[in-house]
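Sequential numbering of the sequence shown, starting at 0, is according to numbering that gives the first Met the number 0. Let me begin by presenting the structure, written as structure tokens, before commenting on it.
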Amino acid sequence: MTPGSFTDGPEKVKIKGQEAVEFGQQIHLSCSAESVPDCTYTWTLNGTDEIGTGASFIKENSTYEDSGIYTCTAWNSITKETNKTDLELSVKASGSSGEEGGLSIGAIVGIAVSAFVVAVGIGISVFVLKKKGFYSGGTIERGLVHFVSCMVIKSQPYSITMCFL
């Protein structure tokens with residue numbers, strides 16, 4: 000080494016990249032650290048499988064097995080020191096939206112309102128047909144006709160159950 004030179008690091012290891020990708024899409028992560036001299040990088044997935052070396056990790060076609068904790072380990076060959084950081088990445092189904100995936104609240108409300116309108120339409124139709132003598136179905140109790148229609152709408156983490164008479 001030359002007089003006045005120094006070695007340091009690695010410090011402030013950072014991973015840049017997406018935390019969620021759609022199935023089949025590219026995964027692109029990059030790692031950086033403050034180090035003199037420049038450090039070398041290794042990548043592991045879920046703490047066990049070494050999946051690459053170098054400042055960048057790229058996989059062209061992601062699969063569900065690519066979900067997990069990505070660790071970038073920076074190593075300084077002079078100081079013999081290492082430092083690392085993690086990033087959790089999820090591979091989601093194509094077309095999923097939001098962090099939890101599934102239907103949005105607006106979509107659930109739209110389905111519920113549509114189901115209500117359909118149920119009311121059926122109820123009115125049965126009432127009119129019954130009044131004109133064209134329909135005799137249903138349960139008759141004290142002279143009234145009762146129809147119960149129930150619907151369950153499930154979208155993680157919500158569930159709505161609606162019943163109509």
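C-beta: ideal position from N, C-alpha, C; glycine also. Owing to the predicted nature of the structure, the values given are computational and were not obtained by experimental measurement.
In this structure, does DSSP put Gly8 in helix, strand or coil? DSSP places Gly8 in strand when its eight states are reduced to three.
Status (buried if at least 16 other CB within 10 Å, exposed otherwise) for Ala106: Burial call: exposed.
Gly120 to Ala114, Cα distance in whole Å? Note on geometry: alpha-carbon atoms of Gly120 and Ala114 lie some 10 Å from one another.
With H, G and I counted as helix, E and B as strand and the rest as coil, what does DSSP make of Lys79? Of the three classes helix, strand and coil, the one that applies to Lys79 here is coil, per DSSP.
Could you tell me which residues DSSP pairs with Ile57 in its beta bridges? DSSP output for Ile57 lists His27 as bridge partner(s).
Hey, how far is the Cα of Ile68 from the Cα of Asn45? Near 5 Å, if we compare the C-alpha coordinates of Asn45 and Ile68.
In whole angstroms, what is the alpha-carbon distance linking Ile139 and Ala118? Here the model assigns Ile139 a pLDDT of 46, short of 50, so the residue's position is not dependable, and the following value carries that caveat. C-alpha separation (whole angstroms): 19 Å.
Between which residues of its own chain and Ser31 is the CB-CB distance below 6 Å, once the five residues before and five after are set aside? Within the same chain, and ignoring the five residues on either side of Ser31 in sequence, the residues whose Cβ sits closer than 6 Å to its Cβ are Lys13.
Buried or exposed: where does Pro9 fall if 16 or more other Cβ atoms within 10 Å of its Cβ makes it buried? Looking at its Cβ environment, which holds 16 or more other Cβ atoms inside 10 Å, Pro9 is buried.
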